[in-house]
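Protein chains in written order, with my numbering: chain A, 1298 to 1597; chain B, 20 to 108; chain C, 35 to 414.
All C-beta atoms, glycine included, are put in the ideal place defined by N, C-alpha and C.
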Amino acid sequence: MTVTQKDLLSIPKKAILKGHFACAGCGSALAFRHAIGSIADKVILVVPASCASVYQGSGKGVAFNVPTINTAFAASDAVASGISRAMKKKGKEDLKVVVWGGDGSAADIGIATEIGACDRQENILHVMYSNNVYGNTGGQRSGDTMIGAKTATTPDGNTIPRKMVPFIMMANNARYVATATVAYLEDLVEKFQKAISLEGFKFMQIDSPCPPNWRSESSDSIKIARLAVQTGIWPLFEWNRDTGKAVISRPGKKYVETENRTPITEWTNLQGRLKSITAEQLKELKSDTERQWDFLRKFL
Amino acid sequence: MTEKPSMPILYPIEGAAGRTGDWRTQHPEVDPEKCIYCNICWKFCPDNAISPADREKNEVVIFDYEYCKGCGICSEECPRVAIFMVPDG
Amino acid sequence: MTVVHETKSLTGNDAVAIAALYAKPEVVAAYPITPQTTIVEKLSQFVNEGKLDAEFVIVESEHSALAACMGAAWSGVRTFTATSSQGLLYMAENVFWTGYGRLPIVMPVVNRCLAPGWNIWPDFQDSMAFRDAGWIQIYTKNNQEVFDTTLQAFKISEAKEISLPHMPCLDGFVISHTTAQADIPTAEDSYEFVGPYSDPVVEIDVDNPWAYGAMTGPDQYSQNRKDLIAAMERAKKKIVIVHKEYEERFGRSYGNGLIEPYGDEVADLTILSMGTIGEESQEAIDRLKEEGMSVNAARVRTFRPFPTEDIVNVAKKNHKLLVIDRSASFGHDGQLRIEVESVLKRYNVDTPVVGRLMGLGGEDVPYSMIMNEVKKVLKE
């Protein structure tokens, strides 16, 4: 069921109220607005330590207009499992349990918990919004940081290859795995809706621009996200356990072939974290990106 | 007599971060002649600080300056360059 | 109002599992660790046999075991798990989250030494490390008490004015794996005593959303902490009340629930201890009395909340206290000794206190060893 912009206009209720704590130009808050908004009357949110813990609010009240359980960094998927099981016992399986966390938890400290919930096929959706760093603590390298990116702990550019969490989930027999970006919000919400309609463990990774940590103009957030797809850095696809196949999403179809891609430098030049990437690092980044594509192509 | 334990619970409120409009150094303004009611700006605002345009009612987009953080995404993404950023005083 | 008991030969872990079964938790998380393992194995058996109608979550770590229980507690259902030693440490941040977050979770801890080296024998370093986490901690002396304590735990924890998690403690192997007889009531009578968790202290509600544990400042946080302190005080009374109700219903008691005195009311020396050393002390008392010595005992059952008033009363009546600790706060002394002395000072009671560390590392503490210590202390 295709989602159009009109659909984005008609959500049950606002999931996130105005005047929240997200930075100007935050991709995660934008994704939250539309994705969680689309199920705002029946969602239970589990938020591990992450940017979302902060942009939620502070002291007086919270911006999230949906039930939200904040958890320790590595605990979210286990807490979500407990909630999901309890709702099953109460006959309230129509309520959707969604983990909304960053790459710090989903790629690193919480990955065992995440994979455990995936193995057990818990009926939850894990959304990993990624700005490729530990955003909440000031932008340190995470498992999802790409090669060449300058971060608070990799001042000369990250050298460790990128962990591909979506592929890990596919290998662990997740029900449904998808990548998305805030540049294509209809596609994002469509995948989100698809995910929550399925039973079992679902995973979505959203490319989430972050002006402070990417050292980019806040006004460029959507542009950078779009370029990530057009340069091939961020493959857009969905994978379904039922078919065992990955399908490249419509906005990203063209860029499967490397010759159709926009030069990566158009994407790197808009971000302080990547602008002065060396030729050597750029070569390695391209090669690591191809590693992802090679893996993905096996499932097409 | 039983008391509900004092739990770490907070309730939803608008302006949880205060008047986030105070954060910005520039704000968007729309040229009503150029606005084509496409609502792409409305869609891409991370702060939901834009009221959608209504073609039928001839209403262009309206910015909520109480909460607009001045990120400039609306201006950047407008297909008709109908939104321009104005420095705040 | 008669209750029927069946005398069963069972291990301490069996007793825990049966008490949990009878309380009918709806979500049970399971992760094995020696010497707790047979608890979760038994529970999985009960689920398999259809006796326990619970969602059984076989998690991938202890951190997740408690996290899953927390999720269930937030959802307003009764939940259960158990752990020991390294497992308790691994779930540390969640232990504090549960206590400070006021979730009424019952989680027995089978006491076992902390590594290094790998030592599966009992001491109290594991549960003692969490005495600041806002959990009720009750140390048991035998299989019977373990059953009774675990059952009572649900009723105490889930009371709206309490809403504190509860850690019934049992010595690894000495209780957990030792087969002994215990009188077990029927499932119906047991469940009736605990009652259903029909008025949860917290429950997720999509129609009335809130955020739990969001960012907060000193104002709200300190308010939460003040109530936690007050709740612990209320828990002291509640433990005694539920203990009394249990005695009226099932005919068993352990002192007043906070401490269990043994022997004469007044003696030259009083042994204060916890766990199985407490039961062993009773044996020592009997034999020392035969030798003509004036000794009695007070087993500290409830360590958190600390039974200040009861300890002060014991000290006032008696002439000297020998406090036996099965754990130490390195850099100072045994925790029970430290806390006993501090409350005596606070209430201006000048009864002398002598402390001994015994059973650390799971060293066996037979009554003969206790008797020797008593004799040494009386000579001092």
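The segment 27 to 38 of chain B: positions lying closer than 7 Å to chain C by Cβ
Pro27, Ile28, Leu29, Tyr30 and Pro31
For Asp1304 (chain A), three-class secondary structure by DSSP
If you number the first sequence from 1, residue 1304 (chain A) lands on position 7. Asp1304 (chain A) falls in the helix class under three-state DSSP.
How many whole angstroms separate the CB atoms of Ala1332 (chain A) and Phe1500 (chain A), which I take to be in contact at a CB cut-off of 8 Å?
As a first step, residue 1332 (chain A) must be located in the first sequence, where it is residue number 35. As a first step, residue 1500 (chain A) must be located in the first sequence, where it is residue number 203. Not confirmed; about 14 Å, so no contact.
What does Val1247 (chain A) touch in chain B if you count any residue whose Cβ is under 9 Å from its own?
Outside the shown range of chain A (1298 to 1597) lies residue 1247 (chain A), about which nothing can therefore be said.
Counting only the same chain and skipping the five closest in sequence on each side, list residues whose C-beta sits under 7 Å from that of Val20 (chain C).
Here chain C comprises residues numbered 35 to 414, so residue 20 (chain C) is not present and cannot be evaluated.
Using DSSP with H/G/I as helix, E/B as strand and the rest coil, what is Gly1413 (chain A)?
Taking the first sequence and counting its residues from 1, the one referred to as residue 1413 (chain A) is at position 116. Three-state DSSP puts Gly1413 (chain A) in a helix.
Using C-beta distances below 6 Å, list every residue in its chain close to Arg99 (chain B), excluding the 5 sequence neighbours before and after it, in chain order.
Within the second sequence, residue 99 (chain B) is the residue found at index 80, counting from 1. Cβ within range, chain order: Lys53 and Ile55.
What are the residues in the segment 92 to 106 of chain C lying within 9 Å of chain A by C-beta distance?
Ile92, Val93, Glu94, Ser95, His97, Ser98, Ala99, Leu100, Ala101, Ala102, Cys103, Met104, Gly105 and Ala106
Would you grab the beta carbon distance between Gly1358 (chain A) and Ala35 (chain B) for me? Rounded to a whole angstrom, and I think it's under 8 Å.
On the first sequence, position 61 is the one that residue 1358 (chain A) refers to. On the second sequence, position 16 is the one that residue 35 (chain B) refers to. That belief holds up - the Cβ atoms of Gly1358 (chain A) and Ala35 (chain B) are roughly 5 Å apart, short of 8 Å.
If you measure beta-carbon to beta-carbon, which residues of the segment 1407 to 1418 of chain A are closer than 9 Å to chain C?
Ala1409, Thr1410, Ile1412, Gly1413, Ala1414, Asp1416 and Arg1417
With distances taken between CB atoms, is the gap from Ala106 (chain C) to Val74 (chain C) smaller than 9 Å?
Working through the third sequence from its first residue, we reach residue 106 (chain C) at position 72. Working through the third sequence from its first residue, we reach residue 74 (chain C) at position 40. In this structure, Val74 (chain C) does not lie closer than 9 Å to Ala106 (chain C) by Cβ.
If the cut is a Cβ gap below 8 Å, which residues of chain A does Ile81 (chain B) touch?
Sequence index remark: in the second sequence, residue 81 (chain B) carries index 62 (1-based). What Ile81 (chain B) touches in chain A: nothing, since even the nearest Cβ is about 13 Å away.
What does Lys1315 (chain A) reach in chain C if we use C-beta pairs closer than 8 Å?
Walking along the first sequence from the start, residue 1315 (chain A) turns up at place 18. In chain order: nothing, as chain C lies at least about 16 Å away.
Taking C-alpha atoms, which residue in C:Val93, C:Gly121, C:Leu137 and C:Asn128 lies nearest to Arg112 (chain C)?
Counting from one through the third sequence, the residue named residue 112 (chain C) turns up at place 78. Out of C:Val93, C:Gly121, C:Leu137 and C:Asn128, C:Leu137 has the C-alpha closest to the C-alpha of Arg112 (chain C).
Beta-carbon neighbours of Arg1330 (chain A), restricted to chain B and to distances below 9 Å:
In the first sequence, the residue the question calls residue 1330 (chain A) occupies position 33. Taking a Cβ-Cβ cut-off of 9 Å, the neighbours of Arg1330 (chain A) in chain B comprise Cys64, Pro65, Asp66 and Asn67, given in sequence order.
Kindly provide the ranges of any beta strand (DSSP E) runs that are 3 or more residues long and lie completely inside the segment 1441 to 1486 of chain A, ordered along the chain.
List check, beta strand (DSSP E) in window: 1473 to 1478.
When DSSP labels each residue in this structure, what does Ile1519 (chain A) get in the three-state scheme?
Mapped onto the first sequence, residue 1519 (chain A) falls at position 222. It is helical.
With 9 Å as the limit, tell me which residues of the segment 223 to 249 of chain C have their beta carbon closer than that to any beta carbon of chain A; keep them in chain order.
Ile238, Asp239, Val240, Asp241, Asn242, Pro243, Trp244, Ala245, Tyr246, Gly247, Ala248 and Met249
Leu1305 (chain A) versus Cys64 (chain B) - alpha carbon distance
For the purposes of this step, residue 1305 (chain A) is taken as the residue at position 8 of the first sequence. For the purposes of this step, residue 64 (chain B) is taken as the residue at position 45 of the second sequence. Using only the alpha carbons, I get a separation of about 13 Å.
May I have the straight-line CA-CA distance separating Asn347 (chain C) from Arg390 (chain C), to the nearest angstrom?
In the third sequence, the residue the question calls residue 347 (chain C) occupies position 313. In the third sequence, the residue the question calls residue 390 (chain C) occupies position 356. Looking at the two C-alpha atoms, the distance is approximately 21 Å.
Candidates C:Gly289, C:Pro295 and C:Glu192, of which the one nearest Ala265 (chain C) by Cα:
Your numbering for residue 265 (chain C) matches position 231 in the third sequence. For Ala265 (chain C), the nearest C-alpha among the options comes from C:Glu192.
Counting only Cβ pairs nearer than 8 Å, list the residues of chain A close to Val111 (chain C).
Start at 1 with the first residue of the third sequence, and residue 111 (chain C) comes out as number 77. The contacting residues are Ala1383, Lys1386 and Lys1387.
Along the segment 1562 to 1591 of chain A, what residues have a CB closer than 7 Å to any CB found in chain F?
Absent from the structure: chain F. Protein chains present are A, B and C.
Please classify Ser161 (chain C): is it buried, with 16 or more other beta-carbons within 10 angstroms of its beta-carbon, or exposed?
Start at 1 with the first residue of the third sequence, and residue 161 (chain C) comes out as number 127. Result: buried.
Return the CA-CA distance between Met20 (chain B) and Arg146 (chain C), expressed in angstroms with no decimal places.
Along the second sequence, one-based indexing puts residue 20 (chain B) at 1. Along the third sequence, one-based indexing puts residue 146 (chain C) at 112. Bear in mind that a pLDDT of 26 at Met20 (chain B), under 50, signals an unreliable position, so the number given afterwards is only what the model happens to contain. C-alpha separation (whole angstroms): 39 Å.
Which residue spans inside the segment 1534 to 1591 of chain A form an unbroken alpha helix (DSSP H) run of at least 4?
1561 to 1565
What residues in its chain sit with their C-beta under 8 Å from that of Glu22 (chain B), if we drop five residues either side in the sequence?
Position 3 of the second sequence holds residue 22 (chain B). The pLDDT assigned to Glu22 (chain B) is 35, lower than 50, so where the model puts this residue is not dependable; a value taken from the coordinates is nonetheless given after this. Excluding positions up to five away in sequence, the list is empty.
Interface residues of the segment 249 to 263 of chain C facing chain A [CB-CB below 8 Å]
Met249, Thr250, Gly251, Asp253 and Gln254
Just to make sure I have the definition right: I need the residues of chain C whose C-beta is within less than 8 Å of the C-beta of Asp1338 (chain A). Which are they?
Translated into positions along the first sequence, residue 1338 (chain A) becomes position 41. Result: Val240.
Could you check where the alpha helix (DSSP H) with Pro252 (chain C) kicks off and where it finishes?
Translated into positions along the third sequence, residue 252 (chain C) becomes position 218. First-last of the alpha helix (DSSP H) with Pro252 (chain C): Pro252 to Phe284.
C-beta neighbour in chain A for Asn58 (chain B), strict 9 Å
Mapped onto the second sequence, residue 58 (chain B) falls at position 39. Yes, Asn58 (chain B) counts as interfacial toward chain A.
For a minimum of 3 consecutive residues, which ranges assigned as the beta strand (DSSP E) are wholly contained in the segment 125 to 152 of chain C?
143 to 145
Write down every uninterrupted run of the alpha helix (DSSP H) in the segment 336 to 388 of chain C whose length is 4 residues or greater and which is fully enclosed by it, in chain order.
342 to 351 and 369 to 380
Please classify Trp152 (chain C) as buried or exposed, where buried requires at least 16 other C-beta atoms within 10 Å of its C-beta.
As a position in the third sequence, residue 152 (chain C) is number 118, starting the count at 1. Exposed: under 16 other Cβ atoms inside 10 Å.
Please work out which residues of its chain come closer than 8 Å, Cβ to Cβ, to Ala1349 (chain A), disregarding the five sequence neighbours upstream and downstream, and give them in chain order.
Numbered from its first residue, the first sequence carries residue 1349 (chain A) at position 52. Closer than 8 Å at Cβ, skipping near neighbours: Ser1325, Phe1329, Trp1397, Gly1398, Gly1399 and Tyr1426.
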